[in-house]
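**Q** Questions regarding the structure given below will be posed in turn.
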Amino acid sequence: MAASNTASNLVKTVTKFIPPLSNALHKGQAGAFQTSPLVCWLKGEKRLTANILESLGRIAVIGGSEDYTGAPYFASITSLKLASIDLKNQDRVEAEINKIVERVTSMFPRLHVLVVGPGLSRDEIMIETTKRVIVKAKENGMPLVIDADGLYLVQNNPDIIRGYPLAVLTPNANEFTRLCESVNVPCGKEHRDDVAQKLSQAFGNVTILQKGSRDIISNGKDVLICDAEGSPRRCGGQGDLLSGACATFLAWGKNYEAKAWEHPSNPDIDNDFQIRIPLLAAWAAALLTRNCSRAGFAKHGRAMMTTDMIEQVGDVFRSIFEPDQKKAAL
1063 MAASNTASNL VKTVTKFIPP LSNALHKGQA GAFQTSPLVC WLKGEKRLTA NILESLGRIA
1123 VIGGSEDYTG APYFASITSL KLASIDLKNQ DRVEAEINKI VERVTSMFPR LHVLVVGPGL
1183 SRDEIMIETT KRVIVKAKEN GMPLVIDADG LYLVQNNPDI IRGYPLAVLT PNANEFTRLC
1243 ESVNVPCGKE HRDDVAQKLS QAFGNVTILQ KGSRDIISNG KDVLICDAEG SPRRCGGQGD
1303 LLSGACATFL AWGKNYEAKA WEHPSNPDID NDFQIRIPLL AAWAAALLTR NCSRAGFAKH
1363 GRAMMTTDMI EQVGDVFRSI FEPDQKKAAL
């Protein structure tokens, strides 16, 4: 990428596809949110002019299991915090694989992004069900964010995601190594930036967000670095927060492309959309997560939990992407 990709310039570019807010909305237009151990889907609808209503982002989270109930919540609540939508519950899905897949995929016409993996577990039925859902999502051209046990699924089935540029994989250090091994990419002594880029290329230019002391994001062509200050405390669930944030930015980018609101053309985004938006969404999510960690740690220190980071999402988002927007007076 060009040298203009400094953090401040990237923030300006990301801000271009964040939908503006409007007072011409009521609760029903703002959408609803439903969750279960298998499927968490959130729905947020906004419109910027009073005369036309269009959706600007509905996100589904495929995750959760008997042993891991918190992860899909963290991923979903982060997106909810960014999208300002409503929360409800639905019963656990207990049908056979085909019926579950049919039920999940029936939601696809109403969704914009799918998050796969938080708390999913490695249960064979869950993995097989999720594989079929991913295939259907790709057939529908739906952007994907894959983390945690979703990455376990990918490392054992690389072709399921290979060559799909609308996918974002978010591995930590161990997951990154296993993904490299699954597609025969050496990851020992090479420079990390190069490895992330080569891993993306091996997967057919999916976007890789390699989490670490510096977050490295690559789509096989370009490499972005997010080295904003975070905190020395690493909370369980922090990666789920990042996944939810990434999904939100992807949904906004997809609706920007669909011209869900009026906006001038922006060459930084409009050219090679399927490559640029996932890359920018992943970088923006990493930046948001690091700043939430920093803000949460400043307040709670060693006692900080992921829920403390989530409390910071609104203020951190505003400070980075909407610095001119003032808090509403009480």
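For the sequence shown, the numbering used here gives the first residue as 1063, with consecutive numbering after it.
Just so it is clear, CB atoms sit at the ideal spot from N, CA and C, and this is done for glycine as well.
1. Which ranges would you report for the beta strand (DSSP E) in the stretch 1208-1247 if only whole runs of at least 3 residues count?
2. Just to confirm the assignment, what range does the beta strand (DSSP E) spanning Ser-1280 have?
3. Here's a check: name, in chain order, each residue in its chain whose Cβ is nearer than 6 Å to the Cβ of Gly-1358, leaving out the five neighbours to either side.
4. Throw me the rounded Cβ distance for the Asn-1267 and Asn-1246 pair, which I believe falls under 8 Å.
5. Mapping DSSP to helix, strand and coil, what is Ile-1080?
6. Would you identify the three-state DSSP class for Cys-1288, choosing helix, strand or coil?
7. State the Cα-Cα distance for the pair Arg-1038 and Phe-1238, rounded to the nearest angstrom.
8. When you compare only the Cα positions, how much space is there between Lys-1316 and Ile-1278?
9. With distances taken between CB atoms, is the gap from Tyr-1226 to Lys-1198 smaller than 7 Å?
10. Alpha carbon to alpha carbon, what distance is there between Trp-1323 and Thr-1077?
11. Assign Leu-1142 to buried or exposed, taking buried as 16 or more other Cβ atoms, counted over all protein chains shown, within 10 Å of its Cβ.
12. Where does Arg-1120 fall in DSSP's three states?
13. For the candidate residues Val-1257, Arg-1380, Pro-1205, Gly-1274, whose alpha-carbon lies nearest to that of Val-1123?
14. Taking the alpha-carbon positions, what's the Phe-1335 to Trp-1345 distance?
15. What residue range does the beta strand (DSSP E) around Thr-1269 cover?
16. Check each candidate in Pro-1081, Pro-1171, Gln-1387 and name the one with the smallest Cα separation from Tyr-1318.
17. Sort Cys-1249, Leu-1303, Val-1166, Ile-1196 by Cα distance to Thr-1232 and report the nearest one.
18. Excluding the 5 residues preceding and the 5 following Arg-1380 in the sequence, name in chain order all residues of the same chain whose CB lies nearer than 7 Å to its CB.
19. Would the beta-carbon of Val-1245 be found less than 6 Å away from any heavy atom of the ligand COA?
20. Among Thr-1269, Lys-1074, Pro-1385, which one has its Cα closest to the Cα of Val-1230?
21. If you compare alpha carbons, which of Glu-1186, Leu-1350, Pro-1171 is closest to Ala-1069?
22. When the Cα of Ala-1313 is compared with those of Leu-1213, Gly-1179, Cys-1288, Gly-1203, which residue comes out closest?
23. Would you call Ser-1168 buried or exposed, if buried means 16 or more other Cβ atoms sit within 10 Å of its Cβ?
24. Please report how far the alpha carbon of Arg-1240 lies from the alpha carbon of Glu-1291, in whole angstroms.
25. Do Ala-1348 and Cys-1288 have their CB atoms nearer than 7 Å?
26. When you compare only the Cα positions, how much space is there between Met-1188 and Asp-1211?
27. With 16 as the cutoff for other CB atoms within 10 Å, does Asp-1221 come out buried or exposed?
28. Looking at Tyr-1214 and Arg-1194, is the spacing between their C-beta atoms short of 7 Å?
**A** In short:
1. 1229-1231
2. 1277-1280
3. Met-1366, Asp-1370, Met-1371, Gln-1374
4. Not a contact, Cβ separation roughly 17 Å.
5. coil
6. strand
7. Because the chain spans 1063 through 1392 in this model, residue 1038 falls outside it and cannot be assessed.
8. 22 Å
9. no
10. 14 Å
11. Residue placement at Leu-1142 is poorly supported in this model, since its pLDDT is 44, which falls under 50; the coordinates are not used for a value here.
12. strand
13. Pro-1205
14. 15 Å
15. 1269-1272
16. Pro-1081
17. Leu-1303
18. Gln-1387
19. Ligands are entirely absent from the displayed structure, and the ligand COA is therefore not among its contents.
20. Thr-1269
21. Leu-1350
22. Gly-1203
23. exposed
24. 27 Å
25. yes
26. 10 Å
27. exposed
28. no
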